[in-house]
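Protein chains: 2
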Amino acid sequence: MHPLDAESMLRDAQLRVTRQRVAVLEAVARAPHLDTESVIAAVRAEVGSVSHQAVYDVLRALTEAGLLRRIQPSGSVARYEARVGDNHHHVVCRGCGSIADVDCATGAAPCLTASDDHGYAIDEAEVVYWGTCPTCS
Amino acid sequence: MHPLDAESMLRDAQLRVTRQRVAVLEAVARAPHLDTESVIAAVRAEVGSVSHQAVYDVLRALTEAGLLRRIQPSGSVARYEARVGDNHHHVVCRGCGSIADVDCATGAAPCLTASDDHGYAIDEAEVVYWGTCPTCS
DNA sequence: TCCGCAGTCTTGATTCATTCAAGAAAAGGT
DNA sequence: ACCTTTTCTTGAATGAATCAAGACTGCGGA
Chain A
0 MHPLDAESML RDAQLRVTRQ RVAVLEAVAR APHLDTESVI AAVRAEVGSV
50 SHQAVYDVLR ALTEAGLLRR IQPSGSVARY EARVGDNHHH VVCRGCGSIA
100 DVDCATGAAP CLTASDDHGY AIDEAEVVYW GTCPTCS
Chain B
0 MHPLDAESML RDAQLRVTRQ RVAVLEAVAR APHLDTESVI AAVRAEVGSV
50 SHQAVYDVLR ALTEAGLLRR IQPSGSVARY EARVGDNHHH VVCRGCGSIA
100 DVDCATGAAP CLTASDDHGY AIDEAEVVYW GTCPTCS
């Protein structure tokens with residue numbers, strides 16, 4: 000991802016282009032499933048210094064704009080990934096907490112069909128596979 | 000659920016029977032998807048007083064013993080339910096955070112098949128359906 | 001029935017991710 | 001270049017969850 004890409008993505012999303020936002024977007028695109036602390040570290044390596052709060056704000060803004068996706072498996076802090084818009088899920092290791100992407104087994108918008116939706120208007124199905132990663136086995 | 004049921008469930012799980020544990024188990028069985036604060040309130044109504052810590056300990060012990068299941072949708076605190084051992088999932092309302100049970104659409108152990116497991120040994124598939132409940136619509 | 005010990009509960013403090021608040025800085029249209 | 005709005009900085013606060021040490025109690029054995 001070139002600098003320009005991040006910039007135009009931000010502009011297309013009606014967001015102001017700041018060094019912090021570009022750095023956050025690039026950091027998450029480079030290393031998926033980053034937690035907030037890691038994003039802060041990555042951004043600091045890039046732009047010198049950023050406040051805790053700025054990164055939280057940026058992560059929220061980008062997530063609301065649909066440029067990032069927030070995931071948070073039980074027992075983990077919030078993590079972010081730049082792969083958005085497709086229907087993919089995650090495998091989480093019970094041992095080390097590592098995460099890997101998994102394409103949805105049932106096709107494009109598969110899991111959206113619940114057996115009984117209890118009157119809820121369902122718009123997303125999130126799947127988390129729990130298991131043990133190769134390293135922890 | 001009669002008092003005796005909770006007691007024997009605890010004994011069968013090799014756990015000591017205490018008033019606190021019985022009260023926690025009954026409270027969660029009575030009202031599913033309770034968060035920890037609500038469990039504390041319910042237990043206090045039952046046994047007079049309990050420490051914060053005791054309830055946390057009990058919830059963990061019962062969860063590890065398989066008598067309770069812990070669920071934690073993104074952005075929510077930990078919640079517990081007594082319905083264990085079956086393969087059921089949840090619908091969560093984006094508006095009010097309410098939760099309802101959903102039987103797995105694909106059968107007994109359905110979602111366990113990931114398209115590519117990346118070498119992970121998968122033992123559970125957790126599905127969260129996100130949407131809007133009838134009240135919030 | 002009584003004793004003892006391992007497992008549990010109480011009390012009180014602590015951690016840490018996340019949020020709140022107010023003012024300073026910067027983006028971008030005019 | 002200016003002005004307005006958004007964003008960032010600084011510093012404090014919130015709140016779920018955990019840690020630690022001592023008191024209590026379930027329950028198996030004497």
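Heads up: the sequence lines are chains A and B, in that order. Numbering of the first sequence is given in numbering that gives the first Met the number 0, commencing with residue 0 and proceeding in unit increments. Numbering of the second sequence is given in numbering that gives the first Met the number 0, commencing with residue 0 and proceeding in unit increments. Glycine included, C-beta positions come from ideal geometry on N, C-alpha and C.
Query                                                                                               : Result
Helix, strand or coil at L33 of chain B according to DSSP, with G and I counted as helix            : strand
Selection from A:L61, A:T35 and A:A64 that minimises the alpha carbon distance to S50 of chain A    : A:T35
S37 of chain B versus G74 of chain B - alpha carbon distance                                        : 17 Å
Segment limits, beta strand (DSSP E) that includes D56 of chain A                                   : That residue, D56 of chain A, is in no beta strand (DSSP E); its alpha helix (DSSP H) goes H51 to E63.
Within-7 Å CB hit, H32 of chain A to chain B                                                        : no
Inter-residue Cα distance where the pair is E6 of chain A and A60 of chain A                        : 15 Å
DSSP state of D122 of chain A mapped onto helix, strand, coil                                       : strand
Contact under 7 Å by Cβ, H88 of chain A with I98 of chain A                                         : no
C-beta atoms of V137 of chain B and R18 of chain B nearer than 7 Å                                  : Since the first and last residues shown for chain B are 0 and 136, residue 137 of chain B lies out of range.
Counterpart residues of T131 of chain A in DSSP-defined beta bridges                                : B:A120
Span of the beta strand (DSSP E), counted from its first residue to its last, around R69 of chain A : R68 to I70
Neighbour flag for Y119 of chain B against chain A, beta carbons, 7 Å                               : yes
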